[in-house]
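Only one structure is covered here, and it is reproduced in the block below.
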């Protein structure tokens with residue numbers, strides 16, 4: 003038995019595929035496969051970009067520090083004011 007596929011076997015396989023799927027479906031197969039491949043590549047690219055942004059903690063830490071420092075003072079002040087208001091309301 004030969005280890006490779008002969009031309010006759012390929013032709014028979016092609017005829018069977020044409021009979022099963024039809025020529026119309028096979029024409030649409032190429033563009034559909036191309037669109038699926040484009041979608042897969044763009045998803046992989048987006049995933050790689052997300053990983054790169056996750057590897058750069060300096061930007062994230064800097065933003066967190068700014069956010070904490072700007073909201074930290076206001077949060078503590080409003081919390082103290084709220085506590086004072088609660089104490090005043092309890093006395094009445």
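Numbering (this note's numbering), first residue to last: 3 to 94.
Every residue gets a Cβ at the ideal spot worked out from N, C-alpha and C, and that includes glycine.
The alpha helix (DSSP H) that contains residue 36, what's its start and end?
9–57
Would a C-beta distance cut-off of 9 Å place residue 15 and residue 28 closer than the cut-off?
In this structure, residue 15 sits away from residue 28, with a CB-CB distance that is not shorter than 9 Å.
Measure the alpha-carbon distance for residue 30 versus residue 40 and round it to whole angstroms.
16 Å
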